[in-house]
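Participant:
Protein chains in written order, with my numbering: chain A, 1 to 306; chain B, 1 to 306.
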């Protein structure tokens with residue numbers, strides 16, 4: 001059964017591969033080359049679906065200097081439609097809804113083939129600048145124009161550590177029509193386990209079935225990438241951060257940690273009866289880090305069906 | 001090579017079994033029976049050493065009602081000398097130094113056979129009530145009267161989570177003559193790994209060799225024992241606490257968690273080059289929990305020499 005059906009039925013055990021679209025400035029031969037090698041990589045790895053991010057500058061969220069400069073990227077929906085034709089399996093297309101006027105968003109929602117595309121609607125990173133469309137309004141538009149389009153939401157274990165109410169946000173998003181979740185990049189398994197535990201309890205208290213959660217893993221091949229992850233709000237346990245800093249081979253150490261976090265989460269969610277899958281990505285565009293992400297996905301695939 | 005020599009040389013890989021002496025009210029046949037079955041258990045498990053606690057009421061430390069009532073216990077040194085003659089391998093005898101006048105403590109220190117006995121000196125749980133002898137003074141007495149008596153100190157990962165300076169306390173204790181550490185009961189591996197990481201870094205910065213750390217594991221066979229652990233100041237990650245609460249078999253779930261924490265710490269310390277061993281105990285006097293502690297020790301022994 002394919003990814004969209006499985007997510008719709010509330011099943012876990014799926015493997016996703018996350019992609020950031022190329023820079024908006026890429027064009028012609030360059031863009032064809034990037035898209036070509038991406039499709040080849042996807043066909044070889046053969047995940048159940050691809051996740052395509054909608055990148056925001058997010059200056060609002062973090063006033064500190066971004067370790068990698070922000071460069072606008074292609075629209076994920078355009079990238080999928082125009083450049084990833086070779087990928088015929090399902091895609092989960094992110095929509096940073098604040099970037100789009102309502103009519104543009106409605107039009108896009110209406111056009112999606114619901115048997116092959118799902119979406120993750122993402123609100124503004126700062127409530128002071130909600131942008132052109134707010135998340136609740138985007139959820140309404142989805143219900144009105146394309147209720148069959150499977151819609152997911154972002155879940156942030158770190159927010160649960162700090163505020164303790166992320167499980168309630170998840171259930172509120174379910175009420176608003178959300179049928180699966182994708183986590184922020186995860187390095188702190190304990191934080192995610194606390195969230196899943198509270199989510200499971202709250203689902204039980206309300207008599208609601210827990211929805212599938214994709215845990216996002218991203219390897220880190222350099223201290224600059226580590227710095228970028230931290231800038232993005234990923235909480236890396238101090239001992240793990242020091243492991244990466246001490247290591248002669250940051251990438252290998254990071255692969256070990258991400259593998260352990262992935263196995264830990266799959267095992268824990270299975271024990272709790274919360275459907276879970278994995279979303280593997282590289283937050284950097286470096287070749288070695290993308291290759292390591294593919295390796296991580298291959299290594300973790302058997303554990304999805306354990 | 002025996003435990004005392006190994007600790008003296010700064011080596012890890014040792015297995016300790018922790019004992020709380022019987023109630024002070026036990027006597028005659030009852031006491032003989034308890035000591036007899038304890039010695040039989042020790043001989044069968046054959047750890048590298050036994051740890052005998054010196055129990056304080058610790059009302060100062062936690063104003064909340066103690067889940068198990070406090071009952072004074074036999075003096076650990078007396079218990080070893082008078083009732084555990086069948087155990088001929090090394091013993092680590094705790095001394096809650098605030099309980100003893102200086103001359104009593106000095107006399108005890110002087111009498112110990114340094115090839116078979118080591119001690120852990122423990123200060124008062126509240127600085128408002130230092131008791132009859134303070135920890136710094138006890139350390140001085142040890143240096144003066146019996147400098148060859150191997151002396152350890154307590155290390156509390158939870159205190160590191162809250163204050164961030166436990167690694168500095170460890171190094172200060174080393175300067176005061178301490179040659180090994182025994183942790184509080186450990187359920188939160190991340191907290192302990194953060195501490196070990198900072199300890200390793202500080203040892204490197206000072207050009208000092210890290211000393212052996214015994215990580216204390218204690219299974220929990222009931223929610224009342226869990227409550228007692230929490231009362232003692234043990235931080236149990238929320239997801240783990242809920243696992244124990246949800247489980248049909250608390251003891252089996254706890255055994256799984258303690259085993260995982262033990263393996264995690266041994267693996268992590270090996271990677272960091274910090275000598276580590278295990279100290280397995282039962283905080284309750286229930287037979288099933290003591291048996292489970294013996295089982296945990298047997299299961300973890302092979303990992304000590306991995």
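Glycine residues also receive a C-beta, built at the ideal position from the N, C-alpha and C atoms.
For clarity, every value in this text was computed on a predicted model and none was experimentally measured.
1. For chain B, is any of its Cβ atoms less than 8 Å away from the one on residue 239 of chain A?
2. Along the region 65-85 of chain A, what residues have a CB closer than 8 Å to any CB found in chain B?
3. Kindly indicate the opening and closing residues of the alpha helix (DSSP H) around residue 295 of chain A.
4. With a threshold of 7 Å (Cβ to nearest heavy atom), would residue 16 of chain B be considered close to the ligand COA?
5. Would residue 197 of chain B pass as an interface residue toward chain A - the criterion being a Cβ-Cβ separation below 8 Å?
6. Among the residues of its own chain, which have a CB less than 8 Å from the CB of residue 48 of chain A, if the five just before and after it don't count?
7. Identify, in the order they occur along the chain, each residue of the same chain with its Cβ nearer than 7 Å to the Cβ of residue 66 of chain A, setting aside the five sequence neighbours on each side.
8. Does any C-beta atom of chain B lie closer than 8 Å to the C-beta of residue 194 of chain A?
9. If you measure beta-carbon to beta-carbon, which residues of the region 196-229 of chain B are closer than 9 Å to chain A?
10. For chain B, check one thing: does any of its Cβ atoms lie closer than 8 Å to the Cβ of residue 169 of chain A?
11. If you run the structure through DSSP and keep just helix, strand and coil, what is residue 218 of chain B?
12. Does the pairing of the region 201-220 of chain B with the region 293-306 of chain B give three or more beta-carbon distances under 8 Å?
13. Decide if the region 239-254 of chain B is in contact with the region 194-202 of chain B; the criterion is three or more beta carbon pairs, one per stretch, under 8 Å apart.
14. When you compare each of B:56, B:224 and B:155 to residue 212 of chain B by their alpha carbons, which one comes out closest?
15. For residue 180 of chain B, does the count of other Cβ atoms within 10 angstroms reach 16, so buried, or fall short, so exposed?
16. Express the C-alpha separation of residue 22 of chain A and residue 281 of chain B in angstroms, rounding to a whole number.
17. Is the Cβ of residue 190 of chain A closer than 8 Å to any Cβ of chain B?
18. In terms of alpha-carbon separation, which member of A:71, A:159 and A:44 lies closest to residue 57 of chain A?
19. Which chain A residues are close to residue 259 of chain B, counting only those with a beta carbon under 9 Å from its beta carbon?
20. Does the beta-carbon of residue 75 of chain B have 16 or more other beta-carbons within 10 angstroms, so that it is buried, or is it exposed?
21. Using 8 Å as the threshold, is the C-beta distance between residue 173 of chain B and residue 153 of chain B below it?
22. Give me the DSSP bridge partner(s) of residue 280 of chain B.
23. Specify the secondary structure class of residue 25 of chain A as computed by DSSP and reduced to three states.
24. Residue 183 of chain A bridges to which residues according to DSSP?
25. Where in the region 188-269 of chain B do unbroken runs of the beta strand (DSSP E), each at least 3 residues long, occur, reported from the N-terminal end onward?
26. On the DSSP bridge list, what partners appear for residue 273 of chain A?
27. Can the beta-carbon of residue 146 of chain B be found closer than 8 Å to that of residue 175 of chain B?
28. Hey, out of B:269, B:273, B:260 and B:123, whose CA is closest to residue 297 of chain B's CA?
29. Mind pulling the chain A residues with CB within less than 8 Å of residue 163 of chain B?
30. Using C-beta distances below 8 Å, list every residue in its chain close to residue 221 of chain A, excluding the 5 sequence neighbours before and after it, in chain order.
31. Given a cut-off of 8 Å on the beta-carbon distance, is the pair residue 50 of chain A and residue 19 of chain A in contact?
32. Is residue 237 of chain B near residue 194 of chain A, with beta carbons less than 8 Å apart?
33. Using a Cβ cut-off of 9 Å, pull out every chain B residue sitting near residue 270 of chain A, in sequence order please.
34. Any idea what DSSP makes of residue 176 of chain A, helix, strand or coil?
35. Going by CA-CA distance only, name the one from A:246, A:129 and A:116 that's closest to residue 85 of chain A.
36. Could you check whether residue 143 of chain A and residue 177 of chain A sit closer than 8 Å to each other, using their CB atoms as the reference points?
Facilitator: Let me spell this out:
1. Yes, because at least one Cβ of chain B sits closer than 8 Å to the Cβ of residue 239 of chain A.
2. Residues: none.
3. Per DSSP, residue 295 of chain A is one residue of the alpha helix (DSSP H) stretching across 287-304.
4. Inclusion of the ligand COA in the displayed structure is not the case, the ligand content being empty and no account of it being possible.
5. For residue 197 of chain B, the answer is yes, since a Cβ of chain A falls inside 8 Å of its Cβ.
6. Non-local beta-carbon contacts of residue 48 of chain A in its own chain, meaning distances under 8 Å to residues more than five positions away in sequence, involve 2, 3, 6, 14, 15, 16, 89, 90 and 277 in chain order.
7. Cβ neighbours of residue 66 of chain A beyond the five flanking positions: 231.
8. Yes, residue 194 of chain A lies at the interface with chain B (some Cβ there is under 8 Å from its Cβ).
9. Answer in chain order: 196, 197, 198, 200 and 201.
10. Not an interface residue.
11. Strand, per DSSP.
12. The answer is yes - the region 293-306 of chain B touches the region 201-220 of chain B, with three or more Cβ pairs under 8 Å.
13. Taking one beta carbon from each stretch, the region 239-254 of chain B and the region 194-202 of chain B have fewer than 3 pairs nearer than 8 Å; the two do not touch.
14. Looking at the Cα atoms, B:155 is the closest of the given residues.
15. Its Cβ being crowded by 16 or more others within 10 Å, residue 180 of chain B is buried.
16. Distance between the alpha carbons of residue 281 of chain B and residue 22 of chain A: 57 Å.
17. For residue 190 of chain A, the closest Cβ of chain B is nearer than 8 Å.
18. Of the candidates A:71, A:159 and A:44, A:71 places its Cα closest to the Cα of residue 57 of chain A.
19. Within chain A, no residue comes near residue 259 of chain B; the closest Cβ sits about 14 Å away, beyond 9 Å.
20. That one is buried.
21. Taking C-beta atoms as the reference points, residue 173 of chain B and residue 153 of chain B count as a pair closer than 8 Å.
22. Per DSSP, the beta bridge partners of residue 280 of chain B are B:17 and B:217.
23. Of the three classes helix, strand and coil, the one that applies to residue 25 of chain A here is coil, per DSSP.
24. According to DSSP, which records beta bridges pairwise, residue 183 of chain A is partnered with A:155.
25. You should have 213-218.
26. Answer by DSSP bridge pairing: none, since residue 273 of chain A is not bridged.
27. No, Cβ-Cβ distance for residue 146 of chain B and residue 175 of chain B is not below 8 Å.
28. Here the closest residue by C-alpha is B:260.
29. Result: empty, since nearest Cβ-Cβ is about 14 Å, beyond 8 Å.
30. Counting only Cβ-Cβ distances below 8 Å, and skipping sequence neighbours, we find 250, 251, 254, 284, 286, 288, 289 and 292.
31. The criterion of a C-beta distance shorter than 8 Å is satisfied by residue 50 of chain A and residue 19 of chain A.
32. Going by C-beta atoms, residue 237 of chain B is nearer than 8 Å to residue 194 of chain A.
33. Within chain B, no residue comes near residue 270 of chain A; the closest Cβ sits about 13 Å away, beyond 9 Å.
34. Residue 176 of chain A falls in the coil class under three-state DSSP.
35. Relative to residue 85 of chain A, the option among A:246, A:129 and A:116 whose CA is nearest is A:116.
36. Contact: yes.
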